[in-house]
Structure formats: structure tokens, C-alpha cells
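Heads up: take any position in the sequence shown, counting from 1, add 201, and you land on the working numbering. Positions of the beta carbon are idealized from the N, C-alpha and C atoms, including for glycine. This structure is a prediction, so every number in the text was calculated from the model and none was measured. One structure is given below, encoded as C-alpha cells.
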Amino acid sequence: MIDSRVQLVLKPENAEGQVVKVAMEQDWELRVMGNRKADVFINVFLTDDEAEVRYTEDPLTGIPFVTIRGAGCAEIAELFRPACVLREFPEALALLQRETDRDQQLLAIGAAANTAPEQPVAELVEAFRALAANPDPGIRQAVVIATGCRPWPELVEIVRGLSERDEVEHVRANARLLLEGLAGQR
202 MIDSRVQLVL KPENAEGQVV KVAMEQDWEL RVMGNRKADV FINVFLTDDE
252 AEVRYTEDPL TGIPFVTIRG AGCAEIAELF RPACVLREFP EALALLQRET
302 DRDQQLLAIG AAANTAPEQP VAELVEAFRA LAANPDPGIR QAVVIATGCR
352 PWPELVEIVR GLSERDEVEH VRANARLLLE GLAGQR
């Protein structure tokens with residue numbers, strides 16, 4: 202029975218190997234073995250208590266993460282903390298605030314959103330507001346995608362502005378699509 206969910210964001214260096222090592226040490230069953238030729242690489246493990254541990258490499262952001270669903274997921278997550286190199290929110294926010302390289306900015310946007318706490322953080326909102334004005338439509342698009350991870354009201358307002366005023370049609374369209382999806386969740 203799935204009663205909770207925890208997500209951990211990993212740094213890319215040997216992320217899969219670190220996760221597989223934990224799974225092997227715990228003698229978890231490998232339910233799905235990832236295919237490197239697929240659009241998204243996913244390994245799925247099943248714990249003795251029937252919790253699902255899913256390792257995913259997000260091709261859009263380049264961010265690997267572990268999602269744990271089921272009873273005892275908080276305890277299972279603790280097994281990964283000493284064994285894996287995790288990306289934490291303060292580090293991701295600092296990277297986002299200082300990075301100027303486009304690829305690194307894209308990575309930092311996703312990492313910051315995926316590691317952010319549930320409650321809004323003013324520094325992240327301000328960083329996203331600045332990035333929403335970036336001349337690169339890919340950066341603005343990343344802000345839209347990242348807002349789907351953390352749909353704080355302040356970030357949703359930024360996306361609303363992009364949906365109405367962005368100069369690039371696909372950014373406006375994707376912003377509208379996110380807003381429609383979020384409205385449907387209420």
C-alpha cells in the first residue's frame with residue numbers, strides 16, 4: 202500500500218552506481234532494469250516491505266533522482282543519505298544564483314525546484330523572477346517546467362506573466378498548459 206512519497210535529488214557523478222549499491226546491500230528485487238536507449242532511464246526496485254524505489258535520470262534537466270513510494274519511505278530514504286552524493290536545496294540555490302553558463306543554469310533551475318522545501322522561499326522566487334526575464338527562451342521555458350515541481354503561488358504568478366506576455370509562442374503555450382493543469386488539481 203502506498204502511503205507516502207520521498208524524492209531525493211542526486212548529483213550526476215556515478216548516481217546510478219550509488220543507488221544500485223544500496224539496493225544490492227539491502228537485497229531489494231530489481232523489478233525494472235533501465236534501458237539506456239529509451240527516452241527516460243529508469244530502474245525500479247521493490248523492497249522487502251513492498252515499497253517502490255525508482256531511480257530516474259531526467260533527460261530534460263540531466264538530474265538523476267530517487268523516488269520512494271510506500272510504507273516506511275522516510276526510513277528507506279535514510280539509507281541513501283550516507284551512500285549517495287545528494288544535491289541539497291541551499292547548494293542548488295547558490296548554484297542558481299551564481300551560474301551564468303546556460304547549461305549549468307538549466308541544471309540549477311531544475312535542481313533548485315526539485316530540492317526546494319514545500320513552503321515558498323523568497324530567494325528562489327526572486328531568482329526565478331529574474332530568469333523569467335532572461336533573453337533565452339530555453340531558460341524561460343525551464344522556469345515554467347520547474348514551477349510544475351513547486352507550484353508556489355508566487356511562482357505561478359511568474360508563469361502567468363509568461364503565458365500572457367512571453368515573446369515566444371511555445372513558452373506562452375507551455376505556460377498556459379501548466380496553468381491549466383494546476384487549475385485542474387484544485
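Is residue j closer than 8 Å to residue i when the C-beta atoms are compared?
i	j	result
residue 227	residue 280	yes
residue 206	residue 270	yes
residue 229	residue 209	no
residue 282	residue 312	no
residue 257	residue 241	yes
residue 348	residue 379	yes
residue 314	residue 363	no
residue 309	residue 323	no
residue 223	residue 278	no
residue 273	residue 252	yes
In its own chain, which residues sit with a C-beta less than 7 Å from the C-beta of residue i, not counting the 5 before and 5 after it?
i	result
residue 203	Model confidence at residue 203 stands at a pLDDT of 46, short of 50, so the residue's coordinates are unreliable; what they give is reported in the following sentence. Closer than 7 Å at the Cβ level, and outside the excluded window around residue 203, lie 270 and 271.
residue 375	342 and 345
residue 213	263 and 265
residue 299	none
residue 369	338
residue 260	240 and 241
In the DSSP assignment, find the unbroken alpha helix (DSSP H) run with residue i in it and report its ends.
i	result
residue 305	303 to 316
residue 324	323 to 332
Tell me which residues share the same chain as residue i and place their Cβ nearer than 8 Å to its Cβ, disregarding the 5 neighbours each side in the sequence.
i	result
residue 339	303 and 307
residue 326	353, 355, 356 and 359
residue 275	205 and 207
residue 361	376 and 380
What is the residue span of the beta strand (DSSP E) that residue i lies within?
i	result
residue 209	206 to 210
Can you name, in chain order, every residue of its own chain whose Cβ lies under 6 Å from the Cβ of residue i, other than the five neighbours on each side?
i	result
residue 232	245 and 247
residue 383	352
residue 290	316 and 317
residue 297	309, 313 and 328
residue 268	208 and 255
Using 10 angstroms around the beta-carbon of residue i, count the other beta-carbons present and answer buried if the total reaches 16, otherwise exposed.
i	result
residue 265	buried
residue 286	exposed
residue 367	buried
residue 219	buried
residue 295	exposed
residue 239	exposed
Exercise. With a floor of 4 residues, list each alpha helix (DSSP H) that falls wholly inside the region 334 to 385, ordered by position along the chain.
Key: 338 to 350, 354 to 366 and 370 to 385
Exercise. May I have a chain-ordered list of the alpha helix (DSSP H) segments no shorter than 4 residues that lie completely inside the region 227 to 291?
Key: 274 to 281
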